[in-house]
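Below is one structure, written out as structure tokens; comments come after it.
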Amino acid sequence: MKFNRILFFIAITSLVIACKKDPSVKDQINQQEEKQETASEEKFDYVVEQFADIKVLRYQIPGWDNLTLKEQKLVFYLTQAGLSGRDIMWDQNYRHNLTVRKALEKIYTSYKGDKNAEDWKSFETYLKRVWFSNGIHHHYSNDKIKPEFSKDYFSSLLAATGVEVTKEVYEVIFNDKDAKKVNQAKGVDNVALSAVNFYGPNVTNDDVTSFYGKIKSPNPDKPLSFGLNSQLVKENGELKERVYKSGGLYGAAIDKIIKWLEKAKGVAENKAQGDALGLLIEYYKTGDLQTWDDYNVAWTAATEGNIDYINSFIEVYNDPLGYRGSYETVVQIKDFDMSKKMSVLSENAQWFEDNSPLMDEHKKDSVVGVSYKVVAVAGEAGDASPSTPIGVNLPNANWIRAAVGSKSVSLGNIIGAYNNAGGSGRLKEFVNDDEEFELEEKYGQLADKLHTALHEVVGHASGQLNPGVGETKETLKNYASTMEEGRADLVGLYYLMDPKLQELGLVEDWEKTGKAAYDGYIRNGLMTQLIRLNLGDDVEEAHMRNRQWVSGWAFEQGKKDNVIEKVTREGKTYFNINDYAKLREIFGRLLRETQRIKSEGDFKAAEALVEGYGVKVDQAIHAEVLERNKQFTSAPYSGFVNPVLVPERDESGEITKINVTQPEDFATQMLMYSKNYNFLPEVN
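Structure (structure tokens):
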């Protein structure tokens, strides 16, 4: 499970403005490894550029020079493996994405016309938005990105550059077909109305549930993740899976992934790590879901070493029914100092479980194997890039979490980059008073860091299903993701106001840290996250929904005692928490109910909670928030370019050193990726 990057907006509500660059891209792409800007620690420029609603940042890799050459090779091979599967994510997001991207890139690099024209600037912005989203649908809202140039202008670009596209591809850029990548609306056929390329034409919700309802795991106590690594299509009226594997769907890219993973296995830090890599390779070769579980068990147990990684088809947020995993990879280096400080949560996981407000029958008697590390990211790809999580807890299978445990990581250098690129203008606009502002300024970053840790280490690891209850994706269906993320958020919120955190040495003032966390969460859930929506839109994304239903339910439950007060002052709305202790009690009650819903598989209760509080938006407040936000030119979404690892080799071709360099700009990196990791055909 991911701790979504947008929650971090609480702490970085206003970001500095970056100037757009106008690179001569064609020359730069051919010199990517030779022409890099390497900034010093003191003068590192975190901001790359800004366009539309996007800010692109860069991050450093602290501790790189302390790694041995063997460890550096391991990181390099793992990042190459990750990038080799990059185009899989593009194709998973939408069947025409690769064709559209290649056409747009060819225009961008070969057009000789007027590049100062407004239409060209609109075209350039559209391409950058498509790059950022790994496709033509917005990375967060899931709406199709609308070009701000005309069909006639696009036709002139095609003619001027000799680029050809089919009529369908041409039209789909401009029309309303496939308007939503993931449609989570109530009462519709979510599969049929989602453009995501996990299902073939004419496949419906009923087809999916019927198909997987007939498949049984060999061991019902260890259910396999059916559908995780395949596309479900109809052939001659019969449903059939196209499995992602060598020789199967995406086989050309997967073969490249395997090549680099085999190199990584050859420089593994220890046997456990090497054995896990071997199982991952076998999984990619066969597509066998039992091997996937075997790999996850081995990977979870492999906790020694300085290097770790996430690689494969993992998170299911992009599937409206929560079966199919999106391709992603994160390569990470252990942050020894911060990991030591934060590992105290892992060591006390059982205390948190025992003292939670859950019903006794929903608590685990033994919380096992929860490992927590703060890490420095060394490279990301697929669904984790350019828009990245700030924390991850894996594996996702409930039975593995219960029997073996899980790994939780906080992406420390990503969080640090957000902090260093931040400001406070938007925060001042939406806080109720000076006290709230000062709490956020002094304690907000620590509160966010702790919430990430509690969400991942304690939240996702807590609770258990009732005997005989199916996997959450089967019982809660299209509400499974938002319910799980809300449940983990609530665990974090409940304990952020607990003196135990100070007793464990994690905070100096538990009460003020907790207040900052509560202020930020309510402010974001009821107001500031709305800047990401167009007026009149429903909330669609799972994490945005969970923040709204958690905040909205808490606000309503506290009305009688005025726990959260809606304040109107000079025509502006604010939310002020009057009683933090009572709000904690409300969060506890909601946590108890959310766990009950998951444990019992109560779909109707999940539907009532999400639809009742998490989907519809107060239009008056939304209009007000958008109007108040107009004064800020900083983009509401951020993501990252990745450092480029450049190996030095001796005369025999052996790597002798690996240098970390930084890409000059967003376009250069995107074009370099398309050139060097272009392994999939355009035809689907």
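Letter by letter, the sequence shown follows residues 6 to 689 of my numbering.
Ideal Cβ placement from N, Cα and C applies to all residues, glycine included.
Per-residue DSSP class, three states only, for Glu2: Nothing about residue 2 can be reported from this structure: the residues present for the chain run from 6 to 689 only.
Beta-ladder partner(s) of Thr578, from DSSP: Thr573
Beta strand (DSSP E) runs contained entirely in the stretch 379–405, provided each spans 3 or more residues: 396–399
N- and C-terminal bounds of the beta strand (DSSP E) containing Glu54: 52–56
Outcome for Arg574 when other beta-carbon atoms lying within 10 angstroms are tallied against a minimum of 16: exposed
Touching by the beta-carbon criterion (3+ pairs, under 8 Å), the stretch 431–443 and the stretch 51–63: Result no; under three Cβ-Cβ pairs closer than 8 Å.
Sub-7 Å separation of Leu244 and Phe216 beta-carbons: yes
C-beta contact flag for Thr166 and Ser235 at 7 Å: No; because the gap between Cβ atoms is not below 7 Å, this pair is not in contact.
Every unbroken alpha helix (DSSP H) inside the stretch 607–661 [4 residues or more]: 608–615, 624–634
Lys520, buried or exposed, once every other Cβ within 10 Å from all chains shown has been counted against 16: buried
Contact set for Asp226: own chain, Cβ-Cβ below 8 Å, skip 5 residues either direction: Trp404
Cβ-Cβ distance between Tyr99 and Gly140 below 7 Å: yes
Inter-residue spacing [alpha-carbon to alpha-carbon] between Val30 and Asp50: For Val30, the predicted model reports a pLDDT of 33, less than 50, meaning its position is unreliable and no value from the coordinates is stated.
Close Cβ partners of Leu285 (< 8 Å) along its chain, the five nearest in sequence each way excluded: Hits under 8 Å: Leu266, Tyr300, Trp304, Asn316, Ser317.
Classification of Gly218 by the beta-carbon crowding that lies within 10 angstroms, buried from 16 upward: exposed
For Glu240, the first and last residue of its enclosing beta strand (DSSP E): 235–240
Backbone CA spacing between Tyr500 and His460 [nearest angstrom]: 10 Å
Cβ-Cβ distance between Ser348 and Val375 below 7 Å: no
Gln674 versus Lys120: straight-line alpha-carbon distance, rounded: Going by the C-alpha atoms only, they are around 20 Å apart.
Rounded distance between the beta-carbons of Ala408 and Ala452, thought under 8 Å: Not confirmed; about 33 Å, so no contact.
Exposed unless 16 or more other CB atoms sit within 10 angstroms - verdict on Met549: buried
Meets three-Cβ-pair contact criterion under 8 Å: the stretch 314–334 and the stretch 185–202: Taking a cut-off of 8 Å for Cβ pairs, the stretch 314–334 and the stretch 185–202 touch, as three or more such pairs fall below it.
Separation of Arg134 from Ala257, as counted between CA atoms: 27 Å
Within 7 Å, strictly: CB atoms of Val80 and Val336: yes
Residues sharing a beta bridge with Asp148, DSSP: Lys185
Sequence-distant residues of the same chain with beta carbon closer than 7 Å to Gly491, five excluded per side: Asn551, Trp554, Val555, Thr599
Simplified DSSP assignment, three categories, for Asp32: Residue placement at Asp32 cannot be trusted, given a pLDDT of 36 that sits under 50; what the coordinates show is reported in the next sentence. Reduced to three states, the DSSP call for Asp32 is helix.
For Leu531, the first and last residue of its enclosing alpha helix (DSSP H): 515–531
Cβ pair His101, Val201 closer than 7 Å: no
Where the alpha helix (DSSP H) containing Arg594 begins and where it ends: 585–605
Closest Cα partner of Ser146 within the set Ile262, Ser392, Ala122: Ser392
With 16 other Cβ atoms within 10 Å as the buried cut-off, status of Pro648: buried
Where Ser230 falls: helix, strand or coil (DSSP): coil
DSSP-derived helix/strand/coil call for Ile312: strand
Beta-ladder partner(s) of Lys172, from DSSP: Answer by DSSP bridge pairing: none, since Lys172 is not bridged.
Under the three-state DSSP convention, the category Arg247 falls into: strand
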